[in-house]
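*Asks:*
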Amino acid sequence: MISVLCILAGHESSLFTPDGHITPDFLPLLHPGEVQTLETLVDLAARYARIKQAAARFKGSYQAIKSVGDANGTGASSSRPLEYLSTVGAAITKILKEYETLVVDTEARVLRRDDELVGGQSFVPLSSIRAVFSVWDAPLTALDSLVIKIYTGPEDSIIRDAPSSSSSNSTNVPRWPPGRLMDLLMDRAQTGVQRISSIMKELAGAVQKLWRTQLTAFLIHGTLSSMDPLAIHPHRNDKPAPTALLADSSSSAGSVQLISSLIVNEEAFPSCVSAATRDSILYVGKAVAVVRAQGQAQKQIPRSITMDHAKMLGSVLPQDRFDFDRVIAEIRRVISEFLWTHVLVEKDVEEAVESLADYFLLRNGEFALALIREVERLKLIRLKARTSSRLGGIREQDMSLALLRASLGTNAQHDPSLSKLRFIIPNSPLPNILPNVSSNRTGLSPSLPQFSDQLIGTPLVLTYALEWPLDLFLVPSDLQIYSHLFAYFSSIRQAQHRAWECWTGLSGAQRSRMKWTATARAGGVTDAQQRLLRGGWGVLRQMIWFLDTLWGYLMSDVVGTQYEWFKDQLKPTKAPLEPRITPSMGLKGRLPGDEDDTKGEPGKKSQPGSRVSSGQYQPKPHLDFSTLRNLHATYLNKVLTGSLLTNATCAGLVREVLELCAHFVAQVERWGGDILPALLSEGSLENANIGKVVEERQAIINDINYNLDHILRDFYDALSASMSLRGGTTPGAGRGGADASVLLNGSTILLAGLNGRIGGSKDINRDAGRGVEHVLLRLDFNSALSKPLARNGGGDDAPFLPEGLR
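Quick note: the sequence shown uses my numbering, first residue 2, plus one each step.
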């Protein structure tokens with residue numbers, strides 16, 4: 002019996018061999034039932050020995066690496082991966098204390114000759130010992146399986162080291178990320194055996210408490226561990242984050258930039274923590290770290306708030322999903338309110354939004370026009386440069402210099418926000434600065450319509466440097482949308498500017514011709530020249546009319562309206578109280594018999610019993626970062642939708658108009674700045690080839706007029722079809738439906754950085770419908786596009802301008 006108890010306690014005995022079998026000399030003396038019972042007890046003892054050895058190894062490996070690391074000065078960073086396993090080993094050792102206590106108690110009962118164990122106070126049945134330790138059969142089996150899994154490591158673990166007695170002091174233990182280790186323990190706790198479930202929950206709780214210390218350090222102090230941190234740097238997953246994010250004041254700018262680039266480390270979080278909670282943890286941790294890195298005492302988080310947050314975190318664990326999510330959400334709300342009132346104030350938000358609207362949405366028209374003129378001058382200089390010269394291409398430095406030159410003499414000259422703007426040319430440093438003209442109008446590109454290559458002939462992206470604390474409500478996806486809008490608006494403004502410059506040049510050429518011919522007619526002596534001149538003027542006038550109409554709609558009905566709406570949402574005004582409707586009141590909040598005040602009839606007053614008071618006001622809800630992001634996301638979405646960029650067909654047709662306008666202006670410039678040939682350029686009247694140049698130019702003008710007319714009609718059809726599409730029906734246009742769905746998907750991807758926080762989808766759709774109505778009214782103010790007779794006209798003999806546009 003002493004040998005059996007020694008084996009159960011984890012010691013060696015002469016009754017059993019080192020591999021756990023009964024010594025052959027004792028087998029003839031034992032009953033087969035006793036042999037089976039002894040083998041069961043030996044197997045139980047072997048599992049206990051393996052588990053205890055593994056627990057000691059987990060703790061010993063952590064202490065050994067930490068000791069070596071302390072000697073080398075890298076103890077914290079090198080021992081961090083095994084800290085969680087050391088916690089598991091300590092928890093297992095604590096659980097095994099109960100088993101060891103049972104062994105000691107059983108030995109004491111045998112020595113006392115307890116009646117329940119000692120039969121006739123002379124012998125101890127092995128079956129009684131087996132019955133006493135049977136309660137540990139399932140728990141030790143579960144712990145043994147857990148130890149084997151830990152030794153095996155995760156599925157992608159490189160280290161594969163099985164336990165052995167000779168390697169008890171080895172530090173070669175598989176690396177378990179905290180998230181996977183907690184998932185393993187919590188998954189094994191989901192069992193119907195109450196004893197196993199409680200043991201696994203105890204192990205999982207121990208690991209979660211250690212993980213909670215790192216979470217508290219990140220949320221309260223803004224610090225991260227060097228190994229398995231909660232947040233990492235993008236594209237640097239193989240490199241650990243810095244031990245502490247707090248930096249001295251001398252390097253606060255670099256520290257802020259470093260903190261702002263952090264992303265969630267998925268392996269450090271258990272799967273029970275939702276994605277929204279992970280984002281909230283990252284948001285709060287980055288905010289606290291940056292606030293502390295700034296080193297301004299008046300903007301530091303009060304100690305009372307940090308103490309409350311630490312107390313709240315100490316009361317929950319990640320396995321308590323709803324309570325954990327509630328605590329993190331409350332911490333985020335409190336931190337957001339503090340940042341809004343002490344760090345990022347309303348004035349900063351208004352200045353940032355105003356700067357983005359002025360430079361990306363071209364609300365600053367003076368600077369936008371100066372920039373386009375500077376870009377045109379730069380393109381002309383590069384065209385005149387030698388082809389082999391290194392100055393033959395446009396570089397990013399040239400565009401940055403163009404920004405500065407364009408600001409001279411404008412209200413943007415002394416604007417500090419201008420220094421945050423930068424042009425990026427992602428592709429070739431030698432762009433094609435000639436217009437890219439394509440006469441193929443069989444279909445639109447299946448990809449998202451791009452306008453970034455319209456300004457200089459190659460993709461050009463305008464970026465904005467996000468600095469603290471603007472990155473609290475602005476994200477990189479917002480800047481991508483702003484860059485896309487800038488490319489769209491600047492392309493239209495450039496085409497409009499070039500068309501008006503062409504108009505000015507043609508007017509000068511016309512006056513010069515009238516001066517030299519001494520006639521009131523600007524044309525030549527033939528009717529062909531008259532038709533050519535009239536046709537060129539008509540095409541240019543129609544282009545300018547369309548561009549002016551579209552630009553006026555974008556600036557007034559889209560950008561101006563939505564910008565003012567967003568500014569109004571930021572103002573701390575009071576909103577009227579909503580009427581309280583009681584059972585005795587009508588559907589409109591009035592008592593039966595009350596008159597409708599909306600009719601505006603004089604002398605009509607509400608009844609004295611009415612409970613609705615138009616003079617009651619309530620303050621607008623507190624504006625926090627969540628509401629601010631929702632408002633900004635709605636603002637961007639409204640601008641995108643109103644500018645017709647979410648309609649693939651309309652956006653593609655606008656691009657075709659811009660390319661056709663560039664083609665026409667380039668042709669006029671190639672002809673010397675005039676539609677008609679120069680005087681005496683075709684020789685004398687006796688020349689048989691007289692009028693050939695006029696015929697060639699007439700064919701080009703007819704082709705441009707034909708394409709422009711069809712583009713405008715298709716544009717009107719696409720807008721009309723979009724109205725029916727909003728009503729729930731699919732238009733029958735061949736390419737409109739497919740391209741619209743493609744760009745709607747593309748705009749959805751473009752808005753993914755908004756994290757699904759865009760609210761008021763019904764209001765956005767209603768505003769988009771009103772915007773389409775506005776642009777339809779602007780384009781069809783004289784019914785030229787909607788009249789059936791005008792739609793059926795065409796051909797070479799058709800007038801260049803409809804009635805009313807001449």
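Heads up, the beta-carbon is just placed ideally off N, CA and C, and yes, glycines get one too.
Quick check on A700: does DSSP put it in helix, strand or coil?
*Replies:* Looking at A700 - three-state DSSP - the assignment turns out to be helix.
*Asks:* Between which two residues does the alpha helix (DSSP H) holding T464 run?
*Replies:* Where T464 is concerned, there is no enclosing alpha helix (DSSP H), although the beta strand (DSSP E) it sits in stretches over V462 to Y465.
*Asks:* Could you check what DSSP says for I233 in three-state terms: helix, strand or coil?
*Replies:* Residue state, collapsed to three classes: strand.
*Asks:* Apart from the five residues on each side of it in sequence, which residues of its chain come closer than 6 Å, Cβ to Cβ, to Q414?
*Replies:* If we look at Q414 and ignore the five residues flanking it on each side, its Cβ neighbours are S408.
*Asks:* Are the beta-carbon atoms of I52 and V148 separated by less than 9 Å?
*Replies:* Their beta carbons are under 9 Å apart, which means I52 touches V148 by this criterion.
*Asks:* Taking Cβ positions, are L541 and W504 nearer each other than 9 Å?
*Replies:* Contact flag set, yes.
*Asks:* Note the first and the last residue of the continuous alpha helix (DSSP H) segment covering I332.
*Replies:* Unbroken alpha helix (DSSP H) run through I332: R322 to H343.
*Asks:* Using the three-state DSSP reduction, which class does I426 fall into: helix, strand or coil?
*Replies:* Of the three classes helix, strand and coil, the one that applies to I426 here is coil, per DSSP.
*Asks:* Could you have a look at I264 and say whether DSSP puts it in helix, strand or coil?
*Replies:* Residue state, collapsed to three classes: strand.
*Asks:* Pull up the CB-CB distance for I395 and R494, whole angstroms please, since I reckon it's below 8 Å.
*Replies:* Incorrect: roughly 19 Å between the Cβ atoms, too far for contact.
*Asks:* DSSP three-state label for F59, please.
*Replies:* Residue state, collapsed to three classes: helix.
*Asks:* Please work out which residues of its chain come closer than 6 Å, Cβ to Cβ, to E375, disregarding the five sequence neighbours upstream and downstream, and give them in chain order.
*Replies:* Only A403, R406 and A407 meet the Cβ criterion.
*Asks:* For F270, does the three-state DSSP call read helix, strand or coil?
*Replies:* Note: F270 maps to coil in three-state DSSP.
*Asks:* Would you tell me roughly how many angstroms separate the C-alpha atoms of P477 and G536, rounded to the nearest one?
*Replies:* Approximately 47 Å, taken between the alpha carbons.
*Asks:* Is K348 buried or exposed, if buried means 16 or more other CB atoms sit within 10 Å of its CB?
*Replies:* By the 10 Å Cβ count, K348 comes out exposed.
*Asks:* Closer than 8 Å is the cut-off here; do at least three beta carbon pairs connect the segment 449–460 with the segment 479–492?
*Replies:* Yes, the segment 449–460 touches the segment 479–492.
*Asks:* Between F547 and L713, is the Cβ-Cβ spacing less than 9 Å?
*Replies:* Closer than 9 Å, so yes.
*Asks:* Looking at E338: is its Cβ nearer than 9 Å to the Cβ of L571?
*Replies:* It is not a contact, given that the beta carbons lie outside the stated cut-off.
*Asks:* When burial is assigned at 16 or more other CB atoms within 10 Å of the CB, is A353 buried or exposed?
*Replies:* Buried, since its Cβ has 16 or more Cβ neighbours within 10 Å.
*Asks:* Would you identify the three-state DSSP class for F452, choosing helix, strand or coil?
*Replies:* In this structure, F452 counts as coil in the three-state DSSP scheme.
*Asks:* In this structure, does DSSP put F219 in helix, strand or coil?
*Replies:* F219: helix per DSSP, three-state reduction.
*Asks:* CA-CA distance, P140 and I197?
*Replies:* Approximately 5 Å, taken between the alpha carbons.
*Asks:* Mapping the DSSP letters down to three states, classify E355 as helix, strand or coil.
*Replies:* Reduced to three states, the DSSP call for E355 is helix.
*Asks:* Under the three-state reduction of DSSP, which class applies to E397: helix, strand or coil?
*Replies:* It is helical.
*Asks:* Which of the three DSSP states, helix, strand or coil, is assigned to E35?
*Replies:* E35 falls in the helix class under three-state DSSP.
*Asks:* Closest to V559 by C-alpha separation, out of S418, L507 and T642, would be which residue?
*Replies:* Checking every option, the nearest Cα to that of V559 belongs to T642.
*Asks:* Determine the burial state of D715: buried for a count of at least 16 other Cβ atoms within 10 Å of its Cβ, exposed for fewer.
*Replies:* D715 is buried by the Cβ-count criterion.
*Asks:* Please report the residue range of the alpha helix (DSSP H) in which G673 lies.
*Replies:* Per DSSP, G673 belongs to no alpha helix (DSSP H) and is neither H nor E.
*Asks:* Does the beta-carbon distance from R364 to A358 come in below 9 Å?
*Replies:* Contact: yes.
*Asks:* Give me the Cβ distance between K300 and H343, rounded to the nearest whole Å; I'm assuming they're in contact under 8 Å.
*Replies:* At roughly 5 Å, the Cβ-Cβ gap stays under 8 Å, so K300 and H343 are in contact.
*Asks:* By how many angstroms is the C-alpha of P178 removed from the C-alpha of S316?
*Replies:* Roughly 24 Å between the two C-alpha positions.
*Asks:* Just checking my contact of T459 with R423 at CB under 8 Å: how many whole Å lie between their CB atoms?
*Replies:* Incorrect: roughly 16 Å between the Cβ atoms, too far for contact.
*Asks:* Identify whether A652 lies in helix, strand or coil by the three-state DSSP scheme.
*Replies:* A652: helix per DSSP, three-state reduction.
*Asks:* Relative to the C-alpha of L340, which residue among F567, L471, H711 and D528 is closest?
*Replies:* Out of F567, L471, H711 and D528, L471 has the C-alpha closest to the C-alpha of L340.
*Asks:* Within 10 angstroms of the Cβ of W830, are there 16 or more other Cβ atoms? Answer buried if so, exposed if not.
*Replies:* This structure cannot settle anything about residue 830, because the visible part of the chain is limited to 2 through 807.
*Asks:* What residue does the alpha helix (DSSP H) around A529 start on, and which one ends it?
*Replies:* Counting along the chain, the alpha helix (DSSP H) containing A529 begins and ends at D528 to G553.
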